[in-house]
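See structure below.
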Amino acid sequence: DAADAFAAAFRIPNFLQNLFGEGALSASFIPVYAKLLAEDDPEEADRMAGAVGSMLALTVAVLVLAGVLLAPVLVDLLTPGFEGAKRDLTVHLVRILYPGAGLLVLSAWCLGILNTHGRFFLSYAAPVIWNLAIIAALIIGGRSGSMFRVAEFAAWGSVIGSALQFGIQLPAVFVVARRLRPALSAGSAHVRTVARNFGPAGLSRGVVQVSSYVDAVIASLLPTGALAALSYSQMLYTLPVSLFGIAVSAAELPAMSGATGDDATVAEHLRRRLDGGLKRIAFHVIPSAVAFAALGHVLAAAIFQSGQFTADDSYYVWGILAGSSVGLLAATMARLYSSAFYALRDTRTPFRFAVVRVAVGTVLGACGALLLPELLGLEPRWGAAGLTLAASISGWAELGLLRRAISRRIGPIRLDAGYAGRCWFAAVAAAAIGVGMWVMLRRQHPAGAALVVVFAYGTGYFAIAAALGIDRARRTLRLS
Numbered sequence: 044d045a046a047d048a049f050a051a052a053f054r055i056p057n058f059l060q061n062l063f064g065e066g067a068l069s070a071s072f073i074p075v076y077a078k079l080l081a082e083d084d085p086e087e088a089d090r091m092a093g094a095v096g097s098m099l100a101l102t103v104a105v106l107v108l109a110g111v112l113l114a115p116v117l118v119d120l121l122t123p124g125f126e127g128a129k130r131d132l133t134v135h136l137v138r139i140l141y142p143g144a145g146l147l148v149l150s151a152w153c154l155g156i157l158n159t160h161g162r163f164f165l166s167y168a169a170p171v172i173w174n175l176a177i178i179a180a181l182i183i184g185g186r187s188g189s190m191f192r193v194a195e196f197a198a199w200g201s202v203i204g205s206a207l208q209f210g211i212q213l214p215a216v217f218v219v220a221r222r223l224r225p226a227l228s229a230g231s232a233h234v235r236t237v238a239r240n241f242g243p244a245g246l247s248r249g250v251v252q253v254s255s256y257v258d259a260v261i262a263s264l265l266p267t268g269a270l271a272a273l274s275y276s277q278m279l280y281t282l283p284v285s286l287f288g289i290a291v292s293a294a295e296l297p298a299m300s301g302a303t304g305d306d307a308t309v310a311e312h313l314r315r316r317l318d319g320g321l322k323r324i325a326f327h328v329i330p331s332a333v334a335f336a337a338l339g340h341v342l343a344a345a346i347f348q349s350g351q352f353t354a355d356d357s358y359y360v361w362g363i364l365a366g367s368s369v370g371l372l373a374a375t376m377a378r379l380y381s382s383a384f385y386a387l388r389d390t391r392t393p394f395r396f397a398v399v400r401v402a403v404g405t406v407l408g409a410c411g412a413l414l415l416p417e418l419l420g421l422e423p424r425w426g427a428a429g430l431t432l433a434a435s436i437s438g439w440a441e442l443g444l445l446r447r448a449i450s451r452r453i454g455p456i457r458l459d460a461g462y463a464g465r466c467w468f469a470a471v472a473a474a475a476i477g478v479g480m481w482v483m484l485r486r487q488h489p490a491g492a493a494l495v496v497v498f499a500y501g502t503g504y505f506a507i508a509a510a511l512g513i514d515r516a517r518r519t520l521r522l523s
């Protein structure tokens, strides 16, 4: 119950970060900011950044206050299956977590400025502090012996970590943007451009957030532990999404946005950036997807299996994670295609396709979670795997729409089939090695067995990929 409550409470205020944070803000703010810097107008760039940051802070402050006051209504709306003490704990945690979500939005504003100036490390290292704060809070709260108390400590740790994540980036922002000053003014044409582009970009993220809320509503109707297990699988799933999908897209967006010249020159520049980005994503995400599908139980056991988290729970998380693995490559490549549209100052096209994705995912998710287990003779809890499988199918639909639309704008561009095929072959062959190692070590401690299995899988993938002529694998092996 405590794990379910924390997972649900964490999702509810998270809409602030998704709606106003990195995705929408990067799509609307970075292209304009990067263009001003490319045109050698840093003073106007910093003036615009200060105005955007000030308006963002004011808007988020109002929404945080509203979220704290309306927490009971939001919990009843988004987790209708929660009752009694479980529901009360969720309301309490939502009220704690809302201010932290607001601080993470301001952290995303810092990220946009630093990324545009080519400062990537600090923005993506700062969340480590946020995680450490939560871990410290869990260690302290764990001494109480009450799981509800532990969840409360974790929530406070998240808020403290959010403040630290924002605070550690802010000095670096003032170093790279020396003329930046807070100002509540929308008089600049560039500020109005950001605001105009933010609408569709924000709606795109909002639509995706609606999908997350729909999943939470459905999962709350499943047996206890379904929502928590869904969150555990997403922790694993978001690792390659963040490391390779978000990271490559974030690095490419300023580079694509700074393109100058006529339409043909800009199109060629975008095709070249997309081709390189798609190959970088595929090289890392394909083996991640295969690992989740073939070795998800090993990964789940290594990270979560202790205390009340049993081997059966590891297999449960694996089933949910396997559903997500089907759409992992689509989800990461779709982010890169969306960045290409944002570089073209088009935030509306990704929004339309996000609506399609959510509509398809909602219908399939409801059927997969509530109807499919009974049809297959499975326990109702396995409906959580139906949710992730539905999301994967809708993710591939969105990718197909994005790819077709960008090809019409800049010319045909897609992941090279031969390159992808070699990556898939190397990953599947390496997975056979990993599974064989697990069969030999399955009676050992999960963490120790996982280290050996993952090492065998990883080295096997790089070796086979290098033998198949993939340059990225060869360069990595030479460096090692």
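Residues 44 to 523 in our numbering are what the sequence shown spells out, letter by letter. Quick reminder that beta carbons are idealized off the backbone N, C-alpha and C, glycines included.
Short Cβ contact (9 Å threshold) for residue i with residue j
i: residue 511; j: residue 465; result: yes
i: residue 47; j: residue 129; result: yes
i: residue 328; j: residue 283; result: yes
i: residue 503; j: residue 435; result: no
i: residue 363; j: residue 273; result: yes
i: residue 215; j: residue 165; result: yes
i: residue 377; j: residue 438; result: yes
i: residue 513; j: residue 472; result: no
i: residue 49; j: residue 198; result: yes
i: residue 394; j: residue 449; result: no
i: residue 56; j: residue 110; result: yes
i: residue 275; j: residue 343; result: yes
i: residue 44; j: residue 190; result: yes
i: residue 149; j: residue 209; result: yes
i: residue 400; j: residue 254; result: yes
Straight-line Cα distance separating residue j from residue i
i: residue 390; j: residue 234; result: 16 Å
i: residue 372; j: residue 455; result: 19 Å
i: residue 330; j: residue 381; result: 23 Å
i: residue 179; j: residue 207; result: 14 Å
i: residue 433; j: residue 413; result: 12 Å
i: residue 406; j: residue 444; result: 19 Å
i: residue 517; j: residue 509; result: 5 Å
i: residue 452; j: residue 146; result: 37 Å
i: residue 154; j: residue 87; result: 19 Å
i: residue 352; j: residue 285; result: 26 Å
i: residue 52; j: residue 271; result: 11 Å
i: residue 167; j: residue 420; result: 44 Å
i: residue 267; j: residue 314; result: 47 Å
i: residue 181; j: residue 360; result: 22 Å
i: residue 43; j: residue 260; result: In the structure displayed, the chain extends from 44 to 523; residue 43 sits before or after that span and is not available.
i: residue 101; j: residue 332; result: 40 Å
i: residue 308; j: residue 447; result: 20 Å
Same chain, Cβ closer than 7 Å to residue i, five either side skipped, listed in chain order
i: residue 97; result: 225, 226 and 227
i: residue 114; result: 134, 137 and 138
i: residue 316; result: 295, 298 and 299
i: residue 124; result: 263 and 264
i: residue 480; result: 495, 496 and 499
i: residue 142; result: 107 and 202
i: residue 239; result: none
i: residue 425; result: 362 and 416
i: residue 505; result: 516, 519 and 520
i: residue 469; result: 504, 507, 508 and 511
Sequence-distant residues of its chain with Cβ nearer than 6 Å to residue i (five each side left out)
i: residue 458; result: 321 and 325
i: residue 280; result: 367
i: residue 77; result: 159, 297, 300 and 301
i: residue 515; result: 326
i: residue 81; result: 301
i: residue 292; result: 378, 379 and 382
i: residue 477; result: 338, 496, 499 and 500
i: residue 429; result: 411, 412 and 415
i: residue 492; result: 484
Other residues of its chain near residue i: CB distance less than 8 Å, five sequence neighbours each side excluded
i: residue 219; result: 156, 157, 160 and 162
i: residue 91; result: 75, 76, 79, 231, 233, 234 and 237
i: residue 192; result: 184
i: residue 288; result: 324, 328, 374, 375, 376, 378 and 379
Assigned exposure category for residue i - 16 Cβ within 10 Å defines buried
i: residue 319; result: exposed
i: residue 306; result: exposed
i: residue 195; result: buried
i: residue 348; result: buried
i: residue 83; result: exposed
i: residue 350; result: exposed
i: residue 487; result: exposed
i: residue 404; result: buried
i: residue 105; result: exposed
Closer than 8 Å: residue i CB and nearest the ligand FAD heavy atom
i: residue 295; result: Among the components of this structure there are no ligands whatsoever, and the ligand FAD is therefore not found.
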